[in-house]
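Since the structure comes first, as structure tokens, the remarks are kept for the end.
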Amino acid sequence: MKMDIAVTVNGRKYQARVEPRLLLSDFLRDTLGLTGTHVGCEHGVCGACTILVNGDSVRSCLALAVRADGADIVTVEGLGSPDQLNTLQTEFRDKHGLQCGFCTPGMLITGMDLLKKYPLASDEEIREGLSGNLCRCTGYQNIVAAIRAAAVLRNGSAT
Amino acid sequence: MKPAAFNYVVPESLEAAVRALAAANGDGKVIAGGQSLMPLLNFRMTRPSVVVDLMRIPGLSFIELRGDTVAIGALTRHADLEFSDLIATKLPVMAAAMPHVAHLAIRNRGTIGGSLSHADPAAELPMLAVFYGAVIKAQGPQGRREIPAEEFFVSALANCLEPEEIVFEIDFPIPKAHTGWAFEEVARRFGDFALACIAVSFELNDGRIADARVAVMGVADTPRRLRKAEGALRGAQRGAESAAQFAEVVRSCVSPLDDIHVSAEYRKHLIGALAGKAFTAAWARAAGEQP
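As structure tokens, this is what we get:
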């Protein structure tokens, strides 16, 4: 059984014919070649594969590609470019919010959704928001600092 | 490919979904948000021949005030509950519990109907359904039926639904007079399943507790209402001594088992400690203070 789907990823439209059991994470990486989305645990625990679907952060390993038919998806490739990092990416660079970089796509996407939905008034709130994303290098300190800095900038521009 | 192959059906009505499930002869699985089913599929712990997707069925995602009840559609996502003003004002214990439900990316997908049907004994929404005395409405080939939450959960990961029945709505009665309330949970990591958790609410009459509600999870194979503890609260006054007595009653009501995370003894200690904390916080709220 195969089904036709049409999705928009990082502003570009794609059409494909896929098996219903194909995970959205594998569709992005293997079918579309967008390998910025990383695949870690493949059962929704590590958060590395987090992407934005219609503006909300979602585990792409817990999603079927067929169910993304018609969706508007943003992956880490869509946040910024090496020449033009977005605000959160800039803070990750400046605060050394990554070491090996494996968890970074999921951290950035999660950070974007946290910045959109929560006040992030305390580091505790940021840490709770990141509790579904595992990083084995940084001890989280600098990731929290990067999101804190982005939240300060967000609050500054809002007032 | 992680999941085994399956046929995928996307019905556009509840009746068609029930027919598709019935046609699968017990080998079909319903997918709503997919946040419990997808890991099981990825591990091939479940290998259904048919997956019936509910997401194209209109009218199953809503949060509505209907008199003394908040009616919630089965496809309502956890994040919708978390950010709902209606939930915050009418069902504050649920509002307090929602940030503990997994993580934001899971809450953006997971649904209340899915969480209840999955029936994890350490998940917040099944416990809240038991706590509030919710009525779970399901559609089957013979029509619709209403199931009290306490009868819905049979054991760990098991509910009382027939294989072709689908939850479509959950009605939560509003405990209007309950001005004191608290929700306390401990998990190994924020957002993980609870090691132990308690919800408490009560009505005050002349400085003493009148009607009370107590439910726990993580300490048995289903979430449980503790009527003995509710009885013990009746007439109780504010204070550390009453809190300690309540904690003792709650401890005496549960007999958890050892598991890979913690010992039974620790879990029992934990639920008592959380009970005391909840008692104190609920009184603070009833008095209009910050807990």
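Same order as they appear, the protein sequences are chains Y and U. Per our numbering, the first sequence starts with residue 1, numbered consecutively. Per our numbering, the second sequence starts with residue 1001, numbered consecutively. Glycine residues also receive a C-beta, built at the ideal position from the N, C-alpha and C atoms. Just so you know, these numbers come straight off a predicted model, no measurement behind them.
Scanning its chain for C-beta atoms nearer than 7 Å, with the 5 sequence neighbours on each side dropped, one finds around residue 1253(U) the residues 1226, 1228 and 1229, in chain order. Among the residues facing chain U, residue 105(Y) is not included, as its CB has no counterpart in that chain under 8 Å away.
Residue environment: residue 135(Y) is assigned as buried (16 or more neighbouring CB atoms within 10 Å of its CB, all protein chains considered). In this structure the stretch 1126 to 1141 of chain U touches the stretch 1169 to 1182 of chain U; the number of beta carbon pairs closer than 8 Å is three or more. For residue 1191(U), the nearest CB of chain Y lies under 8 Å from its own CB, placing it at the interface with that chain. For residue 1239(U), the secondary structure class from DSSP, reduced to helix, strand or coil, is coil.
Between the beta-carbon of residue 1103(U) and that of residue 139(Y) there is about 19 Å, and that puts the pair past the 8 Å contact cut. In the DSSP secondary-structure assignment, residue 12(Y) is bridged to 9(Y).
Secondary structure at residue 1064(U): strand, using DSSP grouped into helix, strand and coil. Using a Cβ-Cβ cut-off of 8 Å, residue 1043(U) counts as an interface residue toward chain Y, since at least one Cβ of chain Y sits closer than that to its own.
Take the alpha-carbon of residue 1030(U) and the one of residue 1234(U): they are about 42 Å apart. Pairing residue 44(Y) with residue 1038(U) gives a Cβ-Cβ distance under 8 Å. Looking at the DSSP output, residue 1139(U) shares a beta bridge with 1144(U) and 1166(U). Interface with chain U (8 Å Cβ-Cβ cutoff): residue 61(Y) is included.
Listed along chain Y, no residue sits closer than 7 Å to residue 1123(U) by beta-carbon distance, the nearest being about 14 Å off.
Between the alpha carbons of residue 1212(U) and residue 1203(U) lies a distance of about 6 Å. In the displayed model, residue 1195(U) falls within a strand according to three-state DSSP. Across the stretch 78 to 109 of chain Y, no CB contact with chain U closer than 7 Å is found for any residue. In terms of beta-carbon proximity, residue 1183(U) stays away from the interface with chain Y, with every pair separated by 8 Å or more.
Between residue 49(Y) and residue 25(Y), the CB-CB gap stays under 8 Å. When DSSP states are grouped into helix, strand and coil, residue 1016(U) belongs to the helix group.
Residues of the stretch 1005 to 1016 of chain U with a C-beta less than 9 Å from any C-beta of chain Y: 1005, 1006, 1007, 1008 and 1010, listed in chain order. If you check each beta-carbon in the stretch 1024 to 1050 of chain U against every beta-carbon of chain Y, the ones closer than 7 Å belong to 1034, 1035, 1038, 1039, 1042 and 1043.
The beta carbon of residue 1147(U) is closer than 6 Å to those of 1136 in its chain, skipping five residues each way along the sequence.
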